[in-house]
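Undergrad: Dumping the structure here so I can ask a few things about it.
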Amino acid sequence: MGTTEQTLPFFTQFFQFQASYGDLPTFLFFVIAMAIVTSYLILSIPFSIVCIARPFAIGARLLLIIFDIVMVTLTTSVVGSSAAIVYLAHNGNSNANWLAICQQFDDFCQRISRAMVAAFITVVLLFFMVVLSTVALRKH
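Taking full-length UniProt numbering, the leading residue of the sequence shown gets 1, the next gets one more, and so forth.
As structure tokens, this is what we get:
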């Protein structure tokens, strides 16, 4: 999503239409939130290893689950809001007089759609990670 942009010429090379992820605040929010989630997941790896090595460290595991839930919530909110904008890009809204831009910016729309699919998969994986963590915590 962070590199998604497309430029279309209009009559001449001097007058062009451009679509970029930075043009829409929702996509900018998507990029920033997913960077935060990715950074958290990378930084939580050593903490998770400690929790695996010391299975009776209930406080550390509980803290890890709380932060995992926060990351699932952040990811779900950013995916939901971005999916609404992708829907508008594909279909438009005749009541608000918004046109579908995907007929002109097809490469841009394909890339943001792929980013949405990957983000939805991320939400499902994070959700299962939280469920597995809570089941493991309950066993101890």
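Glycine included, C-beta positions come from ideal geometry on N, C-alpha and C. Only a predicted model underlies this, so the values are computations on that prediction, with no experimental measurement involved.
Mind checking if Phe56 is an interface residue toward chain D, Cβ cutoff 8 angstroms exclusive?
TA: The structure shown contains no chain D; it is built from a single protein chain.
Undergrad: Nearest CA to the CA of Met129: which residue from Ala33, Phe29, Leu41 and Ala35?
TA: Leu41
Undergrad: Using the rule of at least 16 other Cβ atoms within 10 Å of the residue's Cβ for burial, across every protein chain shown, is Ile112 buried or exposed?
TA: So Ile112 counts as buried.
Undergrad: Taking the alpha carbon of Ala118 as the point to measure from, which residue in Ala83, Leu63 and Ile36 has its own alpha carbon closest?
TA: Ala83
Undergrad: Taking its Cβ as the centre, do 16 or more other Cβ atoms sit within 10 Å of residue 172, making it buried, or is it exposed?
TA: Because the chain spans 1 through 140 in this model, residue 172 falls outside it and cannot be assessed.
Undergrad: My guess is that Val78 and Phe47 are in contact by the Cβ rule of under 8 angstroms, so how many angstroms apart are they, rounded?
TA: Approximately 23 angstroms separates the beta-carbon atoms of Val78 and Phe47; this is outside 8 angstroms, ruling out the contact.
Undergrad: My output table needs one value for Asn95: the three-state DSSP class, helix, strand or coil.
TA: coil
Undergrad: Going by CA-CA distance only, name the one from Ile65, Thr76, Ala35 and Phe105 that's closest to Leu132.
TA: Residue Ile65 is the option with its Cα nearest to Leu132.
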